[in-house]
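So the structure is just underneath, and the comments pick up after that.
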Amino acid sequence: AMGLALAGARWPKSLDPFLLIALPLPGVAEFVLEHLHVIGYRHRLQAVVTVPLGVALGVGFERYLHRHTDPLFWGTVLVYGAVCFASVLVGARGSGARRSPE
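In our numbering, the protein residues as written are 6 to 107.
Here it is in structure tokens:
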């Protein structure tokens, strides 16, 4: 995806603020729901939500290569990274409480 974006095969740059935020959302939602134990691991679902996430990531990396301090790229990475990290922490804490004592 990054190679295609670098070659110019990408959506118009004016759509970046919307698409770089919207396309990863299904993948982030699936990750969060799985780690909060709301849904179980579903390999087909993960494959489907990874495609738009990968496209957005490729375009995001293209932006990063042109400007290493790109606020849209880093803002998206930091916000979604923090949300995913928090879901791992909360999910791990919650799963420990549900374990039966040994």
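For every residue, glycine included, the Cβ atom is placed at its ideal position computed from N, Cα and C. Just so we're clear, the structure is a prediction, and the values are computed from it rather than from any experiment.
Check, Outcome
"Can you give me the start and stop residues for the alpha helix (DSSP H) that residue 26 sits inside?", "21-27"
"Counting beta carbon pairs with one atom in the segment 51-65 and one in the segment 90-100, are three or more of them shorter than 8 Å?", "no"
"Return yes when the Cβ of residue 54 is within less than 8 Å of the Cβ of residue 35, no when it is not.", "yes"
"Compare the C-alpha of residue 25 against each of 95, 48, 45 and 69 and name the closest.", "69"
"Taking the alpha-carbon positions, what's the residue 87 to residue 59 distance?", "18 Å"
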